[in-house]
Amino acid sequence: MSEAFLEIRDLKKSFGTGEAKQDVLRGMDFTVKKGEFCVLLGPSGSGKSTLLNIIGGIDTPDSGYVSINGDKLEDMNEHQLTLYRRKHLGYVFQMYNLIPNLNVKENIEVGAYLSDKPLDVEEVITTLGLQDHKYKYPNQLSGGQQQRVSIGRAVVKNPDILMCDEPTGALDYKTSKEILALIEDCNKKYGSTIIMVTHNEAIKYMADHVIKLRDGVVRHNDLNEKKIPASELEW
Amino acid sequence: MRNPLIKRIPKELASEWHKYLVIILFMVVMISVISGMYVGHDSMLASVYSNRDELNLEDGRFELSKKASQELLDAIATGEIADVREYFISEGMKEADEKVAEAVEEELTESVMEAIEDGVRAQCELYGITDEETIQEQIDKAIEENLDSALEEARDSEEFRNAVDEAYEEAHNEVVKAVDEEWDKIADRYELNDAGFVPVTVTIYEHFYREEDEDDDNDGIVDANVRIFRSDSSIDMASFNYGRAPQSADEIAIDRMHASNLGVDIGDSITIGGRKFEVVGLLSYVNYLTLHESNKDLMFDAFGFDVAMVTPEGFDSLNSRIHYNYSYKYDIKPEDKIQQADYSERFMKSVITQTLVYDNEIEDYLPEYVSQASNFAITDIEGDSSATAILCYILIGVIAFIFAITISNTIDKECTVIGTLRASGYSRRELTIHYMSMPVIVTIIGAIIGNVLGYTAFKNFMVNMYYESYSLPTCGLVWSSDALVKTTVIPLLLMFFINLFIIVMKLQISPLRFLRHDLVKTKRAKAMRLPRWSFMRRFRLRILFQNIPNYIVLIFGVIFIELMLCFAFGLPDSLDHYAEKAPEMVFADYQYMLMSSTDDDDEIIITSEESAERFGAVSLLYPKENTGMREGMGTGGDESVTVYGIVPESAYVEIPVNVSDGNVYISSAFRDKFGIKAGDPITLHEEYENQSYEFTVAGFVEYDGGIAAFMNIDSFNTIFEKDEDDFSGYFSNNEITDIDDQYIATVITSDDIKKVTVQLNHSFGTIIRMFKYALVVLAAALIYLLAKIIIERNEHSISMVKILGFKNGEIGALYIIPTAIVVVLFAMISFVIGYYLMIWVFGLFLMNFDGYFSFYMSVRSMIMSIVYLLIGYAFVSVIDFFRIKKIPMDVALKNVE
Chain A
21 MSEAFLEIRD
31 LKKSFGTGEA
41 KQDVLRGMDF
51 TVKKGEFCVL
61 LGPSGSGKST
71 LLNIIGGIDT
81 PDSGYVSING
91 DKLEDMNEHQ
101 LTLYRRKHLG
111 YVFQMYNLIP
121 NLNVKENIEV
131 GAYLSDKPLD
141 VEEVITTLGL
151 QDHKYKYPNQ
161 LSGGQQQRVS
171 IGRAVVKNPD
181 ILMCDEPTGA
191 LDYKTSKEIL
201 ALIEDCNKKY
211 GSTIIMVTHN
221 EAIKYMADHV
231 IKLRDGVVRH
241 NDLNEKKIPA
251 SELEW
Chain B
589 MRNPLIKRIP
599 KELASEWHKY
609 LVIILFMVVM
619 ISVISGMYVG
629 HDSMLASVYS
639 NRDELNLEDG
649 RFELSKKASQ
659 ELLDAIATGE
669 IADVREYFIS
679 EGMKEADEKV
689 AEAVEEELTE
699 SVMEAIEDGV
709 RAQCELYGIT
719 DEETIQEQID
729 KAIEENLDSA
739 LEEARDSEEF
749 RNAVDEAYEE
759 AHNEVVKAVD
769 EEWDKIADRY
779 ELNDAGFVPV
789 TVTIYEHFYR
799 EEDEDDDNDG
809 IVDANVRIFR
819 SDSSIDMASF
829 NYGRAPQSAD
839 EIAIDRMHAS
849 NLGVDIGDSI
859 TIGGRKFEVV
869 GLLSYVNYLT
879 LHESNKDLMF
889 DAFGFDVAMV
899 TPEGFDSLNS
909 RIHYNYSYKY
919 DIKPEDKIQQ
929 ADYSERFMKS
939 VITQTLVYDN
949 EIEDYLPEYV
959 SQASNFAITD
969 IEGDSSATAI
979 LCYILIGVIA
989 FIFAITISNT
999 IDKECTVIGT
1009 LRASGYSRRE
1019 LTIHYMSMPV
1029 IVTIIGAIIG
1039 NVLGYTAFKN
1049 FMVNMYYESY
1059 SLPTCGLVWS
1069 SDALVKTTVI
1079 PLLLMFFINL
1089 FIIVMKLQIS
1099 PLRFLRHDLV
1109 KTKRAKAMRL
1119 PRWSFMRRFR
1129 LRILFQNIPN
1139 YIVLIFGVIF
1149 IELMLCFAFG
1159 LPDSLDHYAE
1169 KAPEMVFADY
1179 QYMLMSSTDD
1189 DDEIIITSEE
1199 SAERFGAVSL
1209 LYPKENTGMR
1219 EGMGTGGDES
1229 VTVYGIVPES
1239 AYVEIPVNVS
1249 DGNVYISSAF
1259 RDKFGIKAGD
1269 PITLHEEYEN
1279 QSYEFTVAGF
1289 VEYDGGIAAF
1299 MNIDSFNTIF
1309 EKDEDDFSGY
1319 FSNNEITDID
1329 DQYIATVITS
1339 DDIKKVTVQL
1349 NHSFGTIIRM
1359 FKYALVVLAA
1369 ALIYLLAKII
1379 IERNEHSISM
1389 VKILGFKNGE
1399 IGALYIIPTA
1409 IVVVLFAMIS
1419 FVIGYYLMIW
1429 VFGLFLMNFD
1439 GYFSFYMSVR
1449 SMIMSIVYLL
1459 IGYAFVSVID
1469 FFRIKKIPMD
1479 VALKNVE
């Protein structure tokens, strides 16, 4: 694995003012290497989603910085941030957020359109096991299938970083494992750096790098020596 | 790779087809009506203008009492003023010479006879003859024998020659003196002593006509007076709407409009001057676009007057007298109206003087630019309907706004997807383009269909409307760039910018806020506390409060609907109201405009009619350019204002006795049309001269019959540089019978005003009634869209309450009743706002026309416009109920975090 790709330095973020002020991130530091599968673990309110949003360039820190491949996000204007997301990031959300009147293939094409180096849409569909559903609309799919489409949309861009915000949060045990296996496959197959936010402790076992957050700071920053495949995870 | 979001568009169109169909229909109706209006208008004008050249329209005409000699025509064609003074002198001399010669001969004979008699008597006395009888015999004998030789001798004497020369000289001097005196008056009146006079050369065409009685149904009763021209005329020719020109002596072509009014068709036989003719063509003469029998007529009469064409043989076969009418065309075309007026004035001097010196007489002189028959229709068509277009733009603006609100709702609904796309790297621009594509596509579809309909069905509709009013030629279809701009470019721009503005504002929100459904900029501080009403009542009230922004849009829409309904109901009402009020729209039962205040003998024209009262009048123009509605070429776009000079303590027009110089009273119509207040300055200018006059408005005369200004007749004569006792005509309560017709320019009676209303109804009645139905349909479509927005915005909540177990009836009561309350509450207020907006729009509308026409709505119509709205909403409520029933429960289950 190569050297630090993503660097987080003394990142602070608070919401509200006065008495209602809440410090969500209180000086966070860590680095992630290129191609690493990194899990941000923590309970509700630990600041993991906020951190993910800041890394994704859709939220800004009060202080500190995020640097990707040496480029600091704080130095980017809105247009550059859009380009940054367009060229380097893939997003998977807990609630899929698919476009209701586009079918599966078209939803995946939405991701492919943004990329200079997209993967083959059909191949991604096959990889995700969606070949039998590619002409179905989101409302004709189960939650797991919708999340696969959502992953497809993110992966097809061939992003440098795949950001996953509780991707299994709305899914059952079996489907969750399937989805995790898919993300794992993408990591292996396409070499994407994965940053996954979850509150599910079990998921840390499949990651290369586990960062535990609590009350807005990094409590543990560990490299996982003994990864186990997603299919073997239990919770 | 093409943006895959494009694939959503046809799906979006298909899934919401009924909504887009309503919007497209709306656009189609709007655009096709405006497009039809402009294309019909432009096509008709193009045809009329091209005919002016192709059919060789005259620049004017004059009629003589007898056929002009070639010398006279040649002299007139030079445009030179004839030497009338010389003519009078030479004529006078001739007459004087004759008289002198006669007198001299008489005098000479008498004195020679006296001399012979004296000689005979002297001789008789010498011979002692005293008998008188014998003496008389000798005298007679001597006269008989010697008179001729004695006269001869006397004529040879120097004394006699001196006396005769003296007599001629004296007589000649008398003639010159008399002519000079008379000439000064004439030259002054016609401004003939202009040293710098430049002649206007013309080409003259014979354009004789006869006037005959026309009996269209051969029942022996005369239906009209027909003016008949020859088919071989090369000036003022006709275009044929149907049929062809006559080819044999018993064939005739008559005016299309007149034929249509009297039910005459091709193939019919009509009686002209007691002779039967077969109608073979229905035509439109280029100089008779309206059937004005005389230029003095206030209104044309397409029933009682006709123009026709027969072959030269047919013409010769008629018996009535020939009118020696000559048309002329200037050799150098005048560039504008001012030049036309100048040409006409100069040419008239030539016609007057040459006719005189060539011993002919002018019966009529009419420059084309003031001919009602060839200009009335054009002026009317040119005063186009920009205001209707403005109303349509407001409508399109409203549709654009509704569209934008719908898109804004879609953005709200799709906020998490938008958040995801933005987070994934989609730019705001890409999403803006995506959401903009729908309104742009819908407008383009509407514009294409609308334009196609405009160029076909609606163009024909408009053209037929013109045909209903005037004797116009057939018209082809012309490409109207004006129509394209006004029907396609402006609606597209309106749709584009209104939507762009709202979408851009909406997409300003950060991706994160989209993801969090955090779309409202200002957060409600605290929920409002409600009284202890029943749960359902409070729930309904909550829904009402929650939907306030939507209701604001609804109210805005309802105001616009009321504006449309006021337009729909108010226009026919206004037309009827005008007809009703018409008899009151004259100052006097009879208003006589004289050609001049003096007759041929320079005596003031007087009448024994006791109610007659003198007035002065001039026609000036009030500039419309400040209103931004200056259009058309008819009168130069400015409003024609009649300025009256009123005698003190007038029985017909009430203005204070002492209106000081520079102050005027204006008619209420003038005030209302241009929003003029007392104390405002107004500038009026001459139409054909560069002369303007400034006045201050001192007060108003309640008179809606026309745009007029009033001042004291003395001020009037001073300001307009007239003689002290000059005047223009008489107001009278009774008909004046003791003024010769030749001195009367126009007579206006209340019947003339009635004619105007009949014509107005004939010309606009159909379109106004059609507009009424179209607007009612559009109003219903608009309220459908507005109500749909409210249900769409509440879809999620409705789905949720369904899950909770509320019945459809209960949900309907929850979501429909608040809307109904808002609609009912605001129907009245909206009506008032709509009514005043309508008055404002109507004011703009009027700027396209000369004259004034007050907007009027009857109480019944006012009530009806509210009732129609409520009935329309009742229907939409039923549709809403079915919409609510159709909302599935899983809407609430999806996309909930």
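Taken in sequence, the protein lines are chains A and B.
Under this note's numbering, the letters of the first sequence match residues 21 to 255, in that order.
Under this note's numbering, the letters of the second sequence match residues 589 to 1485, in that order.
Ideal placement from N, C-alpha and C gives every residue a C-beta, glycine not left out.
If we define contact as Cβ-Cβ less than 9 Å, is P81 of chain A a contact residue for chain B? Numbered from 1 along the first sequence, position 61 holds the residue referred to as residue 81 of chain A. When Cβ-Cβ separations below 9 Å define contact, P81 of chain A makes no contact with chain B.
Y1058 of chain B and M845 of chain B closer than 9 Å at C-beta: Translated into positions along the second sequence, residue 1058 of chain B becomes position 470. Translated into positions along the second sequence, residue 845 of chain B becomes position 257. Cβ distance < 9 Å, so Y1058 of chain B and M845 of chain B count as in contact.
Decide if Q835 of chain B is buried, meaning its Cβ has at least 16 other Cβ atoms within 10 Å, or exposed. Taking the second sequence and counting its residues from 1, one reaches residue 835 of chain B at position 247. Result: exposed.
Please list the terminal residues of the continuous beta strand (DSSP E) segment that includes L652 of chain B. Within the second sequence, residue 652 of chain B is the residue found at index 64, counting from 1. Residues G648 to L652.
Segment contact flag, the segment 1410 to 1422 of chain B with the segment 1144 to 1159 of chain B, C-beta cutoff 8 Å, min 3 pairs: Yes, the segment 1410 to 1422 of chain B is in contact with the segment 1144 to 1159 of chain B.
To the nearest angstrom, report how far apart E1274 of chain B and K925 of chain B are at their CA atoms. Numbered from its first residue, the second sequence carries residue 1274 of chain B at position 686. Numbered from its first residue, the second sequence carries residue 925 of chain B at position 337. Near 11 Å, if we compare the C-alpha coordinates of K925 of chain B and E1274 of chain B.
Determine the chain A residues that contact E600 of chain B at a beta-carbon separation under 9 Å, and present them in chain order. Your numbering for residue 600 of chain B matches position 12 in the second sequence. Neighbours of E600 of chain B in chain A, taken as residues whose beta carbon is under 9 Å from its own, are N121 in chain order.
I'd like to know if Y104 of chain A contacts chain B, where contact means its C-beta is closer than 9 Å to some C-beta of that chain. Translated into the one-based positions of the first sequence, residue 104 of chain A becomes position 84. By the rule that beta-carbons nearer than 9 Å mark a contact, Y104 of chain A touches chain B.
Which residues in the same chain as I1033 of chain B place their Cβ atom closer than 7 Å to its Cβ, once the five residues preceding and following it in sequence are excluded? Position 445 of the second sequence holds residue 1033 of chain B. Cβ neighbours of I1033 of chain B beyond the five flanking positions: I612.
Report the start-end ranges of each alpha helix (DSSP H) in the segment 734 to 782 of chain B that is 4 residues or longer and not cut off at the edges. Qualifying alpha helix (DSSP H) stretches, in chain order: 746 to 778.
When the distance is taken between beta carbons, is G1353 of chain B closer than 9 Å to L1163 of chain B? Counting from one through the second sequence, the residue named residue 1163 of chain B turns up at place 575. Counting from one through the second sequence, the residue named residue 1353 of chain B turns up at place 765. Their beta carbons are under 9 Å apart, which means L1163 of chain B touches G1353 of chain B by this criterion.
Can you pull out the residues from the segment 860 to 892 of chain B whose beta carbon lies closer than 7 Å to at least one beta carbon of chain C? In summary, chain C is missing from the structure at hand, where the protein chains are A and B.
Endpoints, the alpha helix (DSSP H) within which L613 of chain B is located: Within the second sequence, the letter at position 25 stands for residue 613 of chain B. Run containing L613 of chain B: W605 to E642, per the alpha helix (DSSP H) assignment.
Simplified DSSP assignment, three categories, for P955 of chain B: Walking along the second sequence from the start, residue 955 of chain B turns up at place 367. Here P955 of chain B sits in strand by DSSP.
Give the C-beta separation of V144 of chain A and I128 of chain A to the nearest angstrom, bearing in mind that I take them to be a contact with Cβ-Cβ under 8 Å. As a first step, residue 144 of chain A must be located in the first sequence, where it is residue number 124. As a first step, residue 128 of chain A must be located in the first sequence, where it is residue number 108. V144 of chain A to I128 of chain A, Cβ: 6 Å. Contact.
If you compare alpha carbons, which of B:Y1178, B:A1408 and B:D1189 is closest to E1487 of chain B? Because chain B is modelled from 589 through 1485, residue 1487 of chain B falls outside the range shown and cannot be assessed.
Which of helix, strand or coil DSSP assigns to V895 of chain B: Residue 895 of chain B sits at position 307 when you count from the first residue of the second sequence. In the structure shown, V895 of chain B adopts extended strand secondary structure according to DSSP, grouped into three states.
Which residue or residues does DSSP assign as beta-bridge partners of D843 of chain B? Counted from its first residue, the second sequence places residue 843 of chain B at position 255. According to DSSP, residue pairing for D843 of chain B in a beta bridge involves B:L871.
Does the segment 1156 to 1176 of chain B come close enough to the segment 1315 to 1326 of chain B to have 3 or more Cβ pairs within less than 8 Å? With a cut-off of 8 Å, the segment 1315 to 1326 of chain B and the segment 1156 to 1176 of chain B count as touching, because enough Cβ pairs lie within range.
Secondary structure, beta strand (DSSP E): runs of 3+ residues fully inside the segment 1235 to 1262 of chain B: 1251 to 1255, all fully within the segment 1235 to 1262 of chain B.
Name the residues in the segment 124 to 138 of chain A whose C-beta lies less than 7 Å from a C-beta of chain B; which are they? E126, E129, V130, G131, A132, Y133 and L134: these are the residues of the segment 124 to 138 of chain A whose beta carbon lies less than 7 Å from some beta carbon of chain B, given in chain order.
Are the beta-carbon atoms belonging to D1260 of chain B and Y1444 of chain B less than 9 Å from one another? As a working mapping, residue 1260 of chain B is identified with position 672 in the second sequence. As a working mapping, residue 1444 of chain B is identified with position 856 in the second sequence. It is not a contact, given that the beta carbons lie outside the stated cut-off.
Pairing CB atoms from the segment 598 to 606 of chain B with CB atoms from the segment 785 to 805 of chain B, are three or more of them under 8 Å? Result no; under three Cβ-Cβ pairs closer than 8 Å.
With a cut-off of 9 Å, does the C-beta of M615 of chain B fall near any C-beta of chain A? Your numbering for residue 615 of chain B matches position 27 in the second sequence. At least 9 Å separates the CB of M615 of chain B from every CB of chain A.
Can you give me the C-alpha to C-alpha distance between S1316 of chain B and L944 of chain B, rounded to a whole angstrom? Residue numbering aside, residue 1316 of chain B sits at position 728 when the second sequence is read from its first letter. Residue numbering aside, residue 944 of chain B sits at position 356 when the second sequence is read from its first letter. Rounded to the nearest angstrom, the gap between the Cα atoms of S1316 of chain B and L944 of chain B is 27 Å.
Distance CB(S620 of chain B)-CB(N1039 of chain B) smaller than 9 Å: Numbered from 1 along the second sequence, position 32 holds the residue referred to as residue 620 of chain B. Numbered from 1 along the second sequence, position 451 holds the residue referred to as residue 1039 of chain B. Their beta carbons are under 9 Å apart, which means S620 of chain B touches N1039 of chain B by this criterion.
Determine, using beta carbons only, whether P1099 of chain B comes closer than 9 Å to chain A. As a working note, residue 1099 of chain B is residue 511 in the second sequence. Yes, P1099 of chain B counts as interfacial toward chain A.
Once you ignore the five residues that flank A1257 of chain B on each side, which residues in its own chain have a CB closer than 8 Å to its CB? Residue 1257 of chain B sits at position 669 when you count from the first residue of the second sequence. Excluding sequence positions up to five before and after A1257 of chain B, its CB lies within less than 8 Å of the CB of Y1291, D1292, G1293, G1294, I1295, A1296, G1439, Y1440 and S1442, all in the same chain and listed in chain order.
Hey, how far is the Cα of R168 of chain A from the Cα of G67 of chain A? Reading the first sequence from its first residue, position 148 is the one you call residue 168 of chain A. Reading the first sequence from its first residue, position 47 is the one you call residue 67 of chain A. Roughly 26 Å between the two C-alpha positions.
For the segment 660 to 723 of chain B, list the alpha helix (DSSP H) runs that are entirely contained and at least 4 residues long, ordered along the chain. Taken in chain order, the complete alpha helix (DSSP H) segments of 4 or more residues contained in the segment 660 to 723 of chain B are 672 to 714.
Might you give, ordered along the chain, the residues of its own chain that have their beta carbon closer than 7 Å to the beta carbon of D820 of chain B, omitting 5 neighbours on each side? Your numbering for residue 820 of chain B matches position 232 in the second sequence. Correct list, in chain order: P900.
Taking the C-alpha atoms as reference points, what is the distance between F893 of chain B and G851 of chain B? Along the second sequence, read from residue 1 onward, the residue named residue 893 of chain B stands at position 305. Along the second sequence, read from residue 1 onward, the residue named residue 851 of chain B stands at position 263. Approximately 14 Å between the Cα atoms of the pair.
Alpha carbon to alpha carbon, how far is E1191 of chain B from N1305 of chain B? Give it in angstroms, no decimals. The count along the second sequence starts at 1 and reaches residue 1305 of chain B at position 717. The count along the second sequence starts at 1 and reaches residue 1191 of chain B at position 603. In this structure, the alpha-carbon of N1305 of chain B lies about 18 Å from that of E1191 of chain B.
Mind checking Y637 of chain B: buried by the 16 CB within 10 Å criterion, or exposed? To locate residue 637 of chain B, count along the second sequence from 1; it is residue 49. Here Y637 of chain B is exposed: its Cβ has fewer than 16 other Cβ atoms, across all protein chains shown, within 10 Å.
Contacts of L109 of chain A in chain B (Cβ-Cβ under 8 Å): In the first sequence, residue 109 of chain A corresponds to position 89, counting from 1. Within chain B, the residues near L109 of chain A are A1011, S1012 and G1013.
Grouping DSSP H, G and I as helix and E and B as strand, with all else coil, what is Q42 of chain A? As a first step, residue 42 of chain A is located in the first sequence; it is residue number 22 there, counting from the start. Of the three classes helix, strand and coil, the one that applies to Q42 of chain A here is strand, per DSSP.
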